[in-house]
Amino acid sequence: MAALGRRRLRELRVAVVVASALAIAISGALGYIYLHLNGNIKTFSDVGVSKSRPPAATPATTAPGEPAAQAPINLLLIGSDTRAGGNESLGGGVAVQGARSDTTILLHVSGDRKHAIGVSIPRDALVNIPACYANGSWLPAQTGVMFNSAFSEGDLAAGNPICTQNTVEAMTGVRVDHTVVIDFSGFAAMSSAVGGVPVCVPTVDSPYLEHEYGVTLNPGMQTLSGQAAVEYVRAREGFGDNSDIGRMKRQQAFLSALMKKMLSSGTLENPVRLYQLADSATKSLTVDSSLDSVSALVSLGAELKAVPLYNLEFVTTPWQYDGARVDLIQPDTDVLWSLLRADRTLEGQDASGATPATGTNGSGATPGATPSLSATPGPSAASERMQLQSLSGTAANSTAPATASASGASTPSAIPSGITQNIRRADSDPCSDLSYGN
């Protein structure tokens, strides 16, 4: 019996030693992975950030005893067409100096963390660019120039994301909390890391795509990764009407499908695939200094993951052609910015997480009040909520007369059709609304 006890004691000691060794090995591996991923992350300097910025968003008011609301998050996503750093083989066309923004989306995550809006800004939109910093000096402000030229100010190889950020803040009255730039090669690697992304291909000119980009795409549902995925989201010619507007529709559809694939396929629960995705993502992203670590990116990702796909809405700024360029329609576009500043959905519903107070309509305002709709930058999200609580003399979240949007949902009549008729939800039909003019 004593021998049996000694044998069990030896087995226990061996088990403890093995468990300790495994713990050390796992800790070392995790430490290496963390340091490796941290080392991948590139940041850009905040030198040149405008000294005149919109106010930071503040949390909505909640009742005593209720959970505190959170401030909304505004994330600027920039797709760069730089040919530097291994991107030339994926870029297509002729190599160009510097970089421009192929894609720009202002992503607004609401205070209730249950809604989000992604606003695509046309690269050819004519806008005003404030004074921007590059190469040790300030460049003069410009009026009526293409939006994507802000990213090329200074002809920097990696682009000028701060200039784009300043431009977006000046035109929207929305303070950008984080700015993220992704390049061609990183986008290709990320699409491959999740095992490809299922998307719907609209009408295409296959011979043109094969000749110019070396990819073969046929109309209908396909799973794309690598260069084929890059061309799906960045090529103008060869798809539909060859317009930038059609390209933005595909970009919105692709991002929706990518998020759905990540959440539904077990990507985030598969350690190998998750590492591949994290490795490719951190290699491809250039971020502001507030996102310079894996922990900061993970924290931001957790905030975004909480939004269900059916509450993630995409829209393009209301626009019209001005020759080969694009004009942003007013006051429709300013109404869109006002909705973001007020932390409301594109249908006008309060998404701030505020607690309805006694005798109010849920926005903290007395029923029947009719403040005017703001089309200019306001001092805070709270004041914007007050201004937007009544659209055309009716509360946005009331049962007042409404019009039907493209989705069939009831929409306050004062929100312009340039917004309501161009909403794409992340869980919508992947083959719907992929081309402009067809």
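Quick note: the sequence shown, position 381, residue 522 per the numbering used here, numbers continuous.
Even for Gly, the Cβ is constructed at its ideal location relative to N, Cα and C.
Note that the C-beta distance between P281 and I219 is not below 8 Å. In the three-state reduction of the DSSP assignment, R485 falls in the strand class.
In the same chain as E378, and ignoring 5 residues on each side of it, the C-beta atoms closer than 8 Å to its own belong to D346, Y349 and E353, in chain order.
About 21 Å separates the beta carbon of S421 from that of G355, a gap too long to meet the 8 Å contact definition. No Cβ-Cβ contact shorter than 8 Å links F395 with R388. CA-to-CA, the gap between Q471 and D574 works out to about 24 Å. A direct Cα-Cα distance of roughly 31 Å separates V439 from S290. Residue pairing from DSSP places W279 in a beta bridge opposite Y274. Per DSSP, reduced to three states, the secondary structure at N215 is strand.
In the displayed model, D318 falls within coil according to three-state DSSP, outside both helix and strand. Residue pairing of V268 in beta bridges, as defined by DSSP: V286. T457 and I564 have their C-alpha atoms roughly 8 Å apart. In its chain, beyond the 5 residues on either side, S431 have a beta carbon closer than 8 Å to the beta carbon of A437. The segment 201 to 210 and the segment 314 to 325 do not touch, with fewer than three beta-carbon pairs separated by less than 8 Å.
If you keep only unbroken alpha helix (DSSP H) runs of at least 4 residues inside the segment 364 to 419, you get 367 to 375 and 385 to 405.
The beta-carbon distance between Y451 and R566, rounded to whole angstroms, is 6 Å. This is short enough to meet the 8 Å contact definition. Leaving aside the five residues that flank Q283 on each side, the residues in its chain whose CB is nearer than 6 Å to its CB run, in chain order, I270. Annotation for C273: L280, E294 and C304 place their beta carbon closer than 6 Å to its own, counting only its chain and skipping 5 residues before and after. Counting only runs of at least 3 residues, the segment 430 to 469 fully encloses the following beta strand (DSSP E) elements, listed from N- to C-terminal order: 453 to 457, 460 to 463 and 466 to 469. In terms of CA proximity to F288, P263 leads the group A299, P263 and D296.
Cβ contact annotation for N307 (same chain, cutoff 6 Å, sequence separation greater than five): S191 and P271, in chain order. Counting along the chain, P339 sits inside the beta strand (DSSP E) bounded by residues V338 to V342.
Assignment of D491 by DSSP, reduced to helix, strand and coil, places it in the strand class. Between the segment 486 to 496 and the segment 411 to 419, the count of C-beta pairs closer than 8 Å stays below three; the two stretches do not touch.
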